[in-house]
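Chains A and B, in that order, are what the protein sequence lines are. Each residue of the first sequence is one higher than the one before, starting from 1 at the first, in my numbering. Each residue of the second sequence is one higher than the one before, starting from 1001 at the first, in my numbering. The beta carbon of each residue, even a glycine, is placed where N, CA and C say it ideally should be.
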Amino acid sequence: MDAQTLLKRLFPDGHDVAFAGDCFSGTGRCCGNDVAVVGTIDNAPIGIELAYRMAGAVLDVVRRHPGRPILLLVDTQGQRLSHRDELLGINGYMAHLAKCLDLARRNGHRVLGLVYGQAVSGGFLASSMLADRCYALPDAEIRVMNLPAMARVTKIPLERLTELSASSPVFAPGVDNYLRMGAIAALWDGDLAGQLAEALAAPLDGDERRALGEERRGRTLARQVADRVRRDAVA
Amino acid sequence: MTDAATHSYYEDSARERLLGLLDPGSFREILPPSERVVSPHLRRLDTPAAFDDGVVVGKATLGGRPVLVAAQEGGFMGGAVGEVHGAKLTGLLERALDERPAGVLLLVESGGVRLHEANAGLIAVSEVMRAVLAVRAAGIPVIVLDGGQFGCFGGMGIVSRLCDAVVMSEEGRLGLSGPEVIETTMGVEEFDSRDRALVWRTVGGKHRYLLGEAAVLVEDDIAAFRAAALALLDHAPDLSLAALEAEHAALGGRLERFGDCRDALDIWARLGIAEPERLPILDTPTFLATVTDKRA
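Structure representation (structure tokens):
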């Protein structure tokens, strides 16, 4: 789904979202609430300029509209892979974006993510994965790496990876895998505006992804291991 | 290079680093290898597992003050983060919320997400990210030490910059996409990962220090890392709107000032450093003296 169609379906009461290059931001109306929107289009690689602009848009919301919910609609093929971005410290720019989203959360802004196109690696990490809850459209793509590339790097035969990915959500691309592992709270389909309204009103309780992953049997150790490290008595 | 009076951080294992860094006899490991908490995913792929999943976590004292510490072992899968590895880091950070130590030390050495369990690793890194920020928001400093053989890349490169300060040696490396990843994906003309000089001056400690990505540059000596970490325990975390606006202005300034640079040498020249091509060969004390007041 393209971003314009998506925005129309999320905000049937209207929005003033403006596009500039591969980035967009603005405000949508949802059930009488203003919702700040920050996003990208065209599977944008997130380089230092884009991370910087998105961080600026988030800071702007925190400064000018205290408490306004933020919806991230980030379509990204991942971090921009370039010598020049590394030279200028792209990890610092990504971390800055993450810090700004976390600041918004701590200042009482609900932060939601909706993956409507692609979400890959570092671009996903620094944006929608910082949301209080992240959702996805059923035809979205979420991945770290496709299986042929993974086979090359890990030197595990592609046939073996393909076979295992039928039963394990742990390494293969796919929205359903991220759903099972707790990183995607739910899939949105049909009445997107209604699902956004529900997500804006639903109670929140910290980072629930480990517990969800355990409940859905997609990530069975993370919650238990983190809890043991947090609480085990130490001699 | 180290002489007889120093002990190399670079050449140590994660466990050796902890022994050299912390107060003698003070380290207590949480979920030690005897607990056999291993990655179930590696086994399914017929890949050897490690009894600590490549990260050592525990509590200790540093200069008599209580700290929580984690050390990634580059010797096991390049320190890459999988489900168990990441959960150990997250659990340790969350333990800090309960115990309120003087600080949390992260001895990073990681290529990022472990591809054998890529989805679990990616989610785990994002849980670590949120936990780091929660600890800092609670007023507890999180300090990163980066001087190992595998550097710090991928998601851990982002995690590092979420923390209060990064202490690096010249030998440390810090970035997002490793040079090999960029070369494999974009071609050798984009980034020649075998050009060691190019790699070091792009992601190495000296350039990171000049850019301001590393707060402190130390010699490859475990005692120097210890002294730097100790000094940083008194750092008060600041994640306020004003602090992030200041960071935003600084990162915007970096883009304006250096956005057209194509090599670290261009940046160093623009910082007003005479003979920038000499920087890579200077030893750390001479380097620090040479670049005083020249950092971005």
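- Taking a cut-off of 8 Å for Cβ pairs, the stretch 1138-1156 of chain B and the stretch 144-157 of chain A do not touch, as fewer than three such pairs fall below it.
- DSSP, read as helix, strand or coil, puts A:Thr220 in coil.
- With respect to B:Asp1263, B:Leu1198 sits close: the two C-beta atoms are nearer than 9 Å.
- Residue range 33-40 is occupied by the beta strand (DSSP E) that includes A:Asn33.
- Within chain A, the residues whose beta carbon sits less than 7 Å from that of B:Gly1091 are Val225, Ala226, Asp227, Arg228, Val229, Arg230, listed in sequence order.
- Bounds of any alpha helix (DSSP H) do not take in B:Asp1023, whose DSSP letter is neither H nor E.
- Bounds of the alpha helix (DSSP H) holding B:Pro1040 are 1040-1044.
- Contact between the stretch 119-137 of chain A and the stretch 89-97 of chain A is present: 3 or more CB-CB pairs across the two stretches fall below 8 Å.
- Our two residues, A:Glu141 and A:Ile184, have alpha carbons roughly 12 Å apart in a direct line.
- Residue contact check for B:Met1186 against chain A: a CB pair falls below 9 Å.
- The Cβ atoms of B:Val1203 and B:Arg1226 do not sit closer than 9 Å to each other.
- Judged by their CB atoms, A:Val35 and A:Leu200 are nearer to each other than the 9 Å cut-off.
- Of the candidates A:Arg219, A:Asp22, A:Ala3, A:Leu10, the residue whose Cα lies closest to the Cα of B:Leu1122 is A:Arg219.
- Secondary structure at A:His15: strand, using DSSP grouped into helix, strand and coil.
- With distances taken between CA atoms, B:Ile1140 lies nearest to B:Asp1234 out of B:Asp1260, B:Asp1234, B:Leu1288.
- Just so you know, the alpha carbons of A:Val229 and A:Leu71 end up roughly 33 Å apart.
- The three-state reading of DSSP puts A:Phe24 in strand, counting E and B together.
- Below 8 Å, enough C-beta pairs join the stretch 59-66 of chain A and the stretch 98-114 of chain A to call them touching: three or more.
- Between B:Glu1219 and B:Thr1006 the beta-carbon gap is near 7 Å, inside 8 Å, which marks them as a contact.
- DSSP, reduced to helix, strand and coil, places A:Asp227 within a helical segment of the structure shown.
- Taken in chain order, the members of the stretch 1247-1259 of chain B whose beta-carbon sits within less than 8 Å of a beta-carbon on chain A are Glu1247, His1248, Leu1251, Gly1252, Arg1254, Leu1255, Phe1258, Gly1259.
- When C-beta distances to chain A are compared with 8 Å, the residues of the stretch 1091-1115 of chain B below that value are Gly1091, Leu1092, Glu1094, Arg1095, Asp1098, Val1113, Leu1115, in chain order.
- Secondary structure of A:Tyr135 (DSSP, three-state): strand.
- Using a Cβ-Cβ cut-off of 9 Å, B:Glu1170 does not count as an interface residue toward chain A, since no Cβ of chain A sits closer than that to its own.
- The stretch 35-94 of chain A is shown to contain whole beta strand (DSSP E) runs of 3 or more residues at 70-73, in chain order.
- For the stretch 96-115 of chain A, the residues whose beta carbon sits under 8 Å from a beta carbon of chain B are, in order, His96, Ala98, Lys99, Cys100, Asp102, Leu103, Arg106, Asn107.
- Closest in alpha carbon position to B:Glu1213, among B:Ala1223, B:Val1159, B:Phe1051, B:Gly1091, is B:Val1159.
- Contact between the stretch 26-44 of chain A and the stretch 74-91 of chain A is present, with at least three C-beta pairs closer than 8 Å.
- Among the residues facing chain B, A:Met1 is not included, as its CB has no counterpart in that chain under 9 Å away.
- Chain B has no Cβ within less than 9 Å of the Cβ of A:Ser25.
- Counted as a single uninterrupted DSSP element, the alpha helix (DSSP H) harbouring A:Gln4 occupies residues 3-10.
- Among the CB atoms of chain A, none fall inside 9 Å of the CB of B:His1235.
- Per DSSP, B:Lys1088 lies in no beta strand (DSSP E); the unbroken alpha helix (DSSP H) holding it starts and ends at 1083-1099.
- Contact check for B:Val1144 against B:Val1166 passes: the beta carbons are separated by less than 9 Å.
- It is roughly 8 Å from the alpha-carbon of B:Gly1058 to the alpha-carbon of B:Leu1031.
- DSSP, read as helix, strand or coil, puts A:Arg160 in helix.
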